[in-house]
Amino acid sequence: MASPDKLSLIVQSSDFDRVHYALVIASAALATGKPVTLFFTMEGIRALTLNFVDAEAEAALKQKQLATFEELLAACAEMGASFMFCEMGLRVSQVKRKQFRSDIEVREGSVVSFIADASSSGAMLYI
């Protein structure tokens, strides 16, 4: 079976471990030359805010010499990941656009635009 040519990740959870691992997967795909789109929706949108990071979990990852959320997010941005938030999910989560981080570029989209962005020979994961 051939490797997918693109990775599209749906991040619906605001669970720190799940979002962290979505970034692990995204950064690995980017490092191997695969384009990546991360689509944040519903409670997953909270991961795009400055107050999302769990300081205790970050310290534990760092102590184990593992990449932290902040390091992975920066790496994904540097390697050209596309970050998209779901306009419907934004309304459901009641997060305001002005609460988003300013260090990454995030574009607004819909389920339709996310699907249009995906590749027919790519992979789509739901986290």
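Numbering of the sequence shown is given in the numbering used here, commencing with residue 1 and proceeding in unit increments.
Just so it is clear, CB atoms sit at the ideal spot from N, CA and C, and this is done for glycine as well.
In this structure, the straight-line span from the alpha carbon of glutamate 58 to that of proline 4 is close to 31 Å.
Its chain contains Lys6 as the residues whose beta carbon lies nearer than 6 Å to that of proline 35, once the 5 sequence neighbours on both sides are disregarded; these appear in chain order. With a cutoff of 8 Å on beta-carbon distance, serine 14 and alanine 47 are scored as near each other. Shown here for glutamate 87: same chain residues with a beta carbon closer than 6 Å to its own, the five before and five after excluded, namely Glu108 and Ser110 in chain order. Per DSSP, serine 8 is one residue of the beta strand (DSSP E) stretching across 7–11. For valine 95, the secondary structure class from DSSP, reduced to helix, strand or coil, is coil. Rounded to the nearest whole angstrom, the C-alpha separation of glutamate 70 and valine 53 is 8 Å. Distances from the CA of serine 119 to each of Thr37, Glu105 and Ser27 were compared; the closest alpha carbon is that of Thr37.
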